[in-house]
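Right, one structure below, let's go through it.
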Amino acid sequence: MADVDQGSSPPSDGAPQALDPPNAIDTNGTDVVNATVAKFVATPEGTALAYGSLVFMALLPIFFGALRSVSCSKSKNSSDMPETITSRDAARFPIIASCTLFGLYLFFKIFSQEYINLLLSIYFFVLGILALSHTMSPFMNRFFPDNLAIKQYQLLFTQGSGESKEEIVNYEFDTKDLVCLAISSVVGVWYVLKKHWVANNLFGLAFALNGVELLHLNNVSTGCILLGGLFVYDVFWVFGTNVMVTVAKSFEAPIKLVFPQDLLERGLEASNFAMLGLGDVVIPGQFAAILKKNTRTYFYTSFLAYIFGLGLTIFVMHMYKHAQPALLYLVPACVGFPVLVALVKGELTEMFRPSTFPARAETWLIVTVTTAEL
Numbered sequence: 004m005a006d007v008d009q010g011s012s013p014p015s016d017g018a019p020q021a022l023d024p025p026n027a028i029d030t031n032g033t034d035v036v037n038a039t040v041a042k043f044v045a046t047p048e049g050t051a052l053a054y055g056s057l058v059f060m061a062l063l064p065i066f067f068g069a070l071r072s073v074s075c076s077k078s079k080n081s082s083d084m085p086e087t088i089t090s091r092d093a094a095r096f097p098i099i100a101s102c103t104l105f106g107l108y109l110f111f112k113i114f115s116q117e118y119i120n121l122l123l124s125i126y127f128f129v130l131g132i133l134a135l136s137h138t139m140s141p142f143m144n145r146f147f148p149d150n151l152a153i154k155q156y157q158l159l160f161t162q163g164s165g166e167s168k169e170e171i172v173n174y175e176f177d178t179k180d181l182v183c184l185a186i187s188s189v190v191g192v193w194y195v196l197k198k199h200w201v202a203n204n205l206f207g208l209a210f211a212l213n214g215v216e217l218l219h220l221n222n223v224s225t226g227c228i229l230l231g232g233l234f235v236y237d238v239f240w241v242f243g244t245n246v247m248v249t250v251a252k253s254f255e256a257p258i259k260l261v262f263p264q265d266l267l268e269r270g271l272e273a274s275n276f277a278m279l280g281l282g283d284v285v286i287p288g289q290f291a292a293i294l295k296k297n298t299r300t301y302f303y304t305s306f307l308a309y310i311f312g313l314g315l316t317i318f319v320m321h322m323y324k325h326a327q328p329a330l331l332y333l334v335p336a337c338v339g340f341p342v343l344v345a346l347v348k349g350e351l352t353e354m355f356r357p358s359t360f361p362a363r364a365e366t367w368l369i370v371t372v373t374t375a376e377l
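Below is the structure:
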């Protein structure tokens, strides 16, 4: 589902180019590669900076996405209510993700990789602009002058007439949203033309934050089902077949966070990247967000557990010089630590008590594409 890559090829080349186990880490299902045309040996400083930056970037959407998730769930406007994942959805998701992953594998085997990635670039260009605009919007109030007039707009599509008229789209926005859209469009063009790692990270962080904020688990039990299913999914597709490796090597999209290990030597033109797939951020982030709705104690416990699990993944990779699926370590940490705290506090039953979040079924198109591709 996601990967931390040590010394991979640049984002402009798409996914990793070749598997080099002695210098690779796969933190969640996709392959992690450490090979370019000439073998690159990262300095200790470069490695520490790269992995430290990846961990820091991963924590941002989890923390702020969880905060915004709580506000989103309290919205009184039904059109602004978050999408909710039920236990049934969670149980089906690893199967859906596996089918999507294998479908992509067949597509890359049958059709031209160039044309498939062109279509995917267009898709993620549009999706990335919308995600980045939504991410930036709450921060724009701090930058807009108080004396600047803010105009309100409404985009409304209806079907039928009279009493049978039905709203298809009813979207309200203002001048600040238009500015966010313009800035995001510039980033989108930059990414499409250059595939620069900074643009990739801006889109990746936006995708991850939106995933944590807008896709909610209806209770803790559902989160355990989802994480448990993806734990099996991740281990199987990493160790059992080469399907995920093939898709990772062929796929070009901002579905991972990257940071160069040769930044100190080459600056912004660095080309040997460590990477972390978004699946390892969004899925644990959603679980942390549902814990925050119960109490801050469990949220911070899960937050610290995520740091521990991701750090353990990196440590094991360096010890054994072999790709590692991150959920193999993240799932036991993110679920086990809060459960232990609940046991100590005598609140285990309350922790798993079903909540009353409304279930909605429109979620799975974006989630399936995002997760399975990672």
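In short: position in the sequence shown from 1, add 3, done, that's our numbering.
Note that the Cβ used here is the ideal one computed from N, Cα and C, for glycine as well.
Shortest Cα-Cα distance from Leu123 to any of Leu158, Met354, Phe67 and Val195 involves Val195. Look at the beta carbons and you see the region 203 to 218 touching the region 123 to 141: at least three pairs across the two are nearer than 8 Å. Looking at the DSSP output, Lys259 sits in a beta bridge with Gly280. When secondary structure is reduced to three states using DSSP, His199 falls in the coil class, being assigned neither helix nor strand. Boundaries cannot be given for Ile153, as no alpha helix (DSSP H) includes it and DSSP labels it neither H nor E. Pairing Phe234 with Leu330 gives a Cβ-Cβ distance under 9 Å.
Between Leu151 and Gly68, the alpha-carbon positions lie close to 29 Å from each other. Counting of Cβ neighbours within 10 angstroms places Val189 among the exposed residues, the total staying below 16.
Around the beta-carbon of Asn245, fewer than 16 other beta-carbon atoms lie within 10 Å, marking it exposed. From the listed residues Gly163, Leu181, Thr161 and Val172, the smallest Cα separation to Lys154 is found for Leu181.
For His219, the pairing in a beta bridge is given by DSSP as Thr87. About 18 Å separates the Cβ atoms of Met60 and Leu315, ruling out a contact at the 8 Å cut-off.
Here DSSP, grouped into helix, strand and coil, assigns Asn275 to coil. The residues Pro287 and Cys337, in chain order, have a CB closer than 6 Å to that of Tyr309 in the same chain once the five nearest residues on each side in sequence are set aside. For Val44, there is no enclosing beta strand (DSSP E), as DSSP marks it with neither H nor E. When DSSP assignments are scanned along the region 279 to 341, the uninterrupted stretches of alpha helix (DSSP H) that are 4 or more residues long and fall wholly within it turn out to be 282 to 297 and 299 to 323.
Around the beta carbon of Gly282, 16 or more other beta carbons sit within 10 angstroms, so the residue counts as buried. DSSP places Thr161 in the strand class (E or B) of the three-state scheme. The continuous alpha helix (DSSP H) containing Phe128 extends over residues Gln116 to Met139.
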